[in-house]
């Protein structure tokens, strides 16, 4: 370049740097990185009485009692809650994990359900799964 005024403005623009550092206390790191509960797999079995048994596999980076996957739900296609399985404790060293729920009554007109997982900080929002019900 010719070293004129245009070059000086260009160099000045290149030198304007804005560095910011975000410091997160070590004990709060899990809340930032644990994310939301994802449904990895689900199975439904119809029992002799017509009720269903659901087995659902979740993945969530549980950090302890302050942030863990605390439930999964079975929803009708229109979003109506059909069943909920409450998870009573964190699964810090057990990921992914599978839990079941039996005796779920589903109206005969419903042939497909949505399974979603929730956690104690974010609620719902992770990966959901659509599941066709066995006839």
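Residue numbers (my numbering): 136 to 270. Every residue, glycine too, gets a C-beta built ideally from N, C-alpha and C. Note that the structure is predicted; figures quoted are calculated from it, not measured.
- Taken atom to atom, the span from the alpha-carbon of residue 201 to that of residue 257 is near 11 Å.
- Residue 193 counts as buried, since at least 16 other C-beta atoms from the protein chains shown sit within 10 angstroms of its C-beta.
- Annotated three-state conformation of residue 233 is strand, per DSSP.
- Residue 243 has its alpha-carbon roughly 15 Å from the corresponding atom of residue 215.
- Looking only at 226, 209, 217 and 213, the smallest Cα-Cα distance to residue 178 is reached by 209.
- The DSSP-derived three-state label of residue 200 is coil.
- Put simply, of 219, 224, 230 and 196 the residue whose alpha carbon is nearest the alpha carbon of residue 187 is 219.
- Separation of the CB atoms of residue 226 and residue 204 is rounded to 7 Å, and the pair is thereby assigned contact status at 8 Å.
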